[in-house]
Amino acid sequence: MKLIYKYILKKCFFNTSLLLFAFAIIYTVVQAIQELGSVGKGSYTTLSMFIYLGALLPSYIYLLIPLSVLIGVMTTMLGLVKNSEYAIMRTSGISLRDITKILTIFGIIFAVITFAVGEVIAPESSHFAKIYKLNKTEERVSMDLTSGVWSKDGEETIVNVKNISSNNNAEISGIQIFMYDNNLALEERLTAESASYDSKQHVWVLSNVVDYKYVNGRMEIEHNKTLNWKSTIDPSYFSVLVISPDDMPAFHLFSYIKHLSHNHESTNRHEIAMWNKLLYPIACISMAFIAIGFIPNNGRNINLSTKLFAGIIIGVAFFFVNKLVGFMATLYFWNPILSASIPTALLFAIGWIIILKKEA
Numbered sequence: 002m003k004l005i006y007k008y009i010l011k012k013c014f015f016n017t018s019l020l021l022f023a024f025a026i027i028y029t030v031v032q033a034i035q036e037l038g039s040v041g042k043g044s045y046t047t048l049s050m051f052i053y054l055g056a057l058l059p060s061y062i063y064l065l066i067p068l069s070v071l072i073g074v075m076t077t078m079l080g081l082v083k084n085s086e087y088a089i090m091r092t093s094g095i096s097l098r099d100i101t102k103i104l105t106i107f108g109i110i111f112a113v114i115t116f117a118v119g120e121v122i123a124p125e126s127s128h129f130a131k132i133y134k135l136n137k138t139e140e141r142v143s144m145d146l147t148s149g150v151w152s153k154d155g156e157e158t159i160v161n162v163k164n165i166s167s168n169n170n171a172e173i174s175g176i177q178i179f180m181y182d183n184n185l186a187l188e189e190r191l192t193a194e195s196a197s198y199d200s201k202q203h204v205w206v207l208s209n210v211v212d213y214k215y216v217n218g219r220m221e222i223e224h225n226k227t228l229n230w231k232s233t234i235d236p237s238y239f240s241v242l243v244i245s246p247d248d249m250p251a252f253h254l255f256s257y258i259k260h261l262s263h264n265h266e267s268t269n270r271h272e273i274a275m276w277n278k279l280l281y282p283i284a285c286i287s288m289a290f291i292a293i294g295f296i297p298n299n300g301r302n303i304n305l306s307t308k309l310f311a312g313i314i315i316g317v318a319f320f321f322v323n324k325l326v327g328f329m330a331t332l333y334f335w336n337p338i339l340s341a342s343i344p345t346a347l348l349f350a351i352g353w354i355i356i357l358k359k360e361a
């Protein structure tokens, strides 16, 4: 029995890995065609483009794992049916429940892999890719904002940063800090040429500072070479401006959500992204369940291409429904947990119903 389990798992793993590699290459080629328009900007060459796309590869793999699991399990099981191996397994005492158990284990393994890729590898490589491209194209993080980046820092402070170093989020320049009293009247404004973050003291060290204080209708000006500024904003906050919430690990999203909540800003988009990150790997188990529905009872008249096409349609449909629900939830402020769980829960329910019908 254990030998059969290992045999099925080995075949599923091989087919899924092969398909994942093929899908990732196709996805990269499509992205390369779109990326050709950026070649020639600054020092961004064709080689730079391939390095950039290579760094984004883990992000593509993360998105494609559930689809690869579905098609990989389908091709494995249909191959076993076609070669009459499945019939031999069934007659030797292996039930559909045993097959379900094997494929559930396989789905869990790939769910763990998906989570690891999405939380550790993909965010780091995606961040490197975006920073690398910014450097090569000689653009800055605040390129789309002529006035720079604006953020609240607590209840009575607003911060404006003109530029963020594309090499290091801990280095910023063109800083303005507006401090208000309880009546929202401006009482102090700081300007600084640049700032770097001191991770030991958890403060920003401002350089060439001009401090404007508004006291009793008068303005007092003070110049400082350096000044320590304690803030709830740290370098990780600026990472959000480089990569989208969908590319961030759940832990960073959680920290950023806390920052936004502290400043009474909207957290809906980032909460949806966080819950999607946590629930997306479960889709691998659901995909393994759905693949069971494509296993015929005998090897006669199997239309392999039709079944594979149907599997691809299901996988692609899940991907688009997941994205659509995410956009709708952000637009209409739906409950983040509910909106993130609907596509996966629906897929899981369909897979479970298929198994129950096959057993009946």
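Each step along the sequence shown adds one to the number in this note's numbering, with nothing skipped, and position 111 is 112.
For every residue, glycine included, the Cβ atom is placed at its ideal position computed from N, Cα and C.
For the alpha helix (DSSP H) that contains residue i, what are its first and last residues?
| i | result |
| --- | --- |
| Asp-199 | Segment 187-199 is the beta strand (DSSP E) holding Asp-199; no alpha helix (DSSP H) there. |
| Thr-76 | 47-83 |
| Ser-1 | Past the boundaries of the shown model lies residue 1; the chain is included only from 2 to 361, so the question cannot be answered. |
Measure from the alpha carbon of residue i to the alpha carbon of each residue in the options, then state which is nearest.
| i | options | result |
| --- | --- | --- |
| Trp-353 | Ala-186, Cys-13, Arg-98 | Arg-98 |
| Ala-193 | Gly-108, Leu-187, Asp-212 | Asp-212 |
| Gly-80 | Leu-347, Ala-25, Ile-234, Phe-295 | Phe-295 |
| Ile-114 | Ile-62, His-203, Leu-191, Leu-135 | Ile-62 |
| Glu-125 | Phe-14, Ser-237, Trp-230 | Ser-237 |
| Thr-233 | Ile-258, Met-249, Pro-246 | Ile-258 |
| Lys-226 | Ser-262, Tyr-215, Ser-208 | Ser-208 |
| Glu-272 | Gly-73, Asn-336, Ala-56 | Asn-336 |
| Pro-14 | Lys-231, Glu-188, Thr-105, Leu-305 | Note on residue identity: the sequence assigns Phe, not Pro, to residue 14. When only C-alpha atoms are compared, the closest one is Thr-105. |
| Lys-324 | Ser-127, Thr-29, Arg-270 | Arg-270 |
| Ala-274 | Ala-251, Met-220, Thr-158 | Ala-251 |
| Pro-246 | Ser-262, Gly-43, Met-50, Trp-276 | Trp-276 |
| Glu-156 | Gly-218, Met-78, Asp-235, Leu-185 | Leu-185 |
| Asn-217 | Glu-189, Ser-256, Ser-18 | Glu-189 |
| Lys-110 | Glu-86, Val-70, His-128, Phe-129 | Reading off the sequence, residue 110 comes out as Ile, not Lys. Selected option, being the one with the closest Cα: Val-70. |
| Thr-158 | Ile-286, His-265, Lys-12 | His-265 |
| Tyr-28 | Ile-314, Asp-154, Leu-57, Ser-256 | Leu-57 |
By DSSP, does residue i sit in helix, in strand, or in coil?
| i | result |
| --- | --- |
| Glu-249 | It is worth fixing the name first, because residue 249 is Met in this sequence and not Glu. Three-state DSSP puts Met-249 in coil, outside helix and strand. |
| Ser-143 | Low per-residue confidence applies at Ser-143: pLDDT is 44, beneath 50, and the placement is therefore not dependable enough to give any value. |
| Phe-295 | coil |
| Gly-119 | helix |
| Ile-286 | helix |
| Lys-259 | helix |
| Thr-268 | coil |
| Trp-353 | helix |
| Ser-96 | coil |
| Ser-152 | strand |
| Val-40 | coil |
| Asn-277 | helix |
| Asn-164 | strand |
| His-105 | A small correction: the amino acid at residue 105 is Thr; His does not occupy that position in the sequence shown. The answer is helix: DSSP assigns Thr-105 an H, G or I state. |
| Thr-158 | strand |
| Thr-17 | helix |
| Thr-138 | coil |
| Met-90 | helix |
| Leu-348 | helix |
Any idea if residue i is buried or exposed, counting beta-carbon neighbours within 10 angstroms, 16 or more meaning buried?
| i | result |
| --- | --- |
| Asn-16 | buried |
| Phe-310 | exposed |
| Val-150 | buried |
| Thr-47 | exposed |
| Ala-25 | buried |
| His-260 | buried |
| Lys-308 | buried |
| Ile-9 | buried |
| Gly-312 | buried |
| Ile-222 | exposed |
| Lys-134 | buried |
| Phe-51 | exposed |
| Tyr-87 | buried |
Below 8 Å on the Cβ atoms is my contact criterion, and I expect residue i with residue j to pass it. Report the Cβ-Cβ distance as a whole number of Å.
| i | j | result |
| --- | --- | --- |
| Met-288 | Gly-316 | 7 Å |
| Ala-123 | Pro-59 | 4 Å |
| Ile-100 | Ile-293 | 7 Å |
| Asn-164 | Ile-173 | 7 Å |
| Pro-282 | Phe-116 | 4 Å |
| Ala-284 | Pro-67 | 4 Å |
| Pro-344 | Phe-319 | 6 Å |
| Tyr-198 | Thr-138 | 25 Å between Cβ atoms; not a contact. |
| Phe-290 | Ile-338 | The pair is not a contact, with the Cβ atoms about 22 Å apart (cut-off 8 Å). |
State the start and end residues of the unbroken beta strand (DSSP E) segment that holds residue i.
| i | result |
| --- | --- |
| His-224 | 219-230 |
| Val-216 | 204-216 |
| Tyr-181 | 172-181 |
| Ile-234 | Premise fails: Ile-234 is in no beta strand (DSSP E) and is neither H nor E. |
With 8 Å set as the bound, which would you pick, yes or no: does the beta-carbon of residue i sit closer than that to a beta-carbon of chain D?
| i | result |
| --- | --- |
| Glu-221 | As a matter of chain content, chain D is missing from the structure shown, which is built from one protein chain. |
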